[in-house]
Structure formats: C-alpha cells, structure tokens
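Heads up: the sequence shown begins at 2 in this note's numbering, then just goes up one per residue.
Just so you know, even glycine gets a beta-carbon here, dropped at the ideal spot from N, CA and C.
Read through the structure below, which is laid out as structure tokens, and then see the notes.
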Amino acid sequence: MSDIKIKCLTTGDVLSWSMDQVLCEINRDRSDDWTPYDETDWQEGWFEWVNGEFYVLHHDTPSYHSVRTLTADKIEAVLDEVFSNIFGACYG
C-alpha cells in the first residue's frame, strides 16, 4: 500500500504516513486487554478511534474512496446524537 494521506486538523498540514504510522496512532495508549487493529481492519479502527479528533483521512488517499465503515447502526447512532443535541429532552 502506498503512503496514506492524513490531514492534521491542528495545523492543516497534509502528511504522508506509512501503514505502520497509521496503526501506531490507532493502537496507541490502549489497555493491556486491547486487540490491536492491523492492515486488514485499520479503516474501522481509524474511524472509530482517530478520525476527527486530531486527524482526518485526506481525500487524495486511495483508500479514502473505498472506505465502507458506515453501517446502519453507526448512522443511527450519529443521527440520535445529532437530534438529541438539537431537540434535547424532547427527542427520544
């Protein structure tokens, strides 16, 4: 796999990370019981634990266009959170 383009949300810089760097970021600071993400499931780990906090995948990353991590459950959870924030106690 070629380098993965990452955008730093703090600086706006677009960085080229190796898969090892991406996996290190996903798996850092985890408990001893943690099962590390690897090359087969890194996209799931990225979107669950990293994306949006300090970094995002840059749109020039080849894998950016093939990410299939939005499941119905995740979409529903996001919508629930958004509606709860908008409507407060009236929602639900």
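- Beta-bridge pairing by DSSP links Val57 to Lys8.
- Judged by beta-carbon spacing, Val23 lies beyond the 8 Å limit of Trp50, meaning their Cβ atoms are not closer than that value.
- With distances taken between CA atoms, Ile5 lies nearest to Glu26 out of Thr11, Glu26, Thr12.
- Of the other Cβ atoms in all chains shown, fewer than 16 fall within 10 Å of the Cβ of Ile87; this residue is therefore exposed.
- The beta carbon of Phe55 sits closer than 8 Å to the beta carbons of Cys9, Leu10, Thr11 from its chain, once the five residues preceding and following it are set aside; these are given in chain order.
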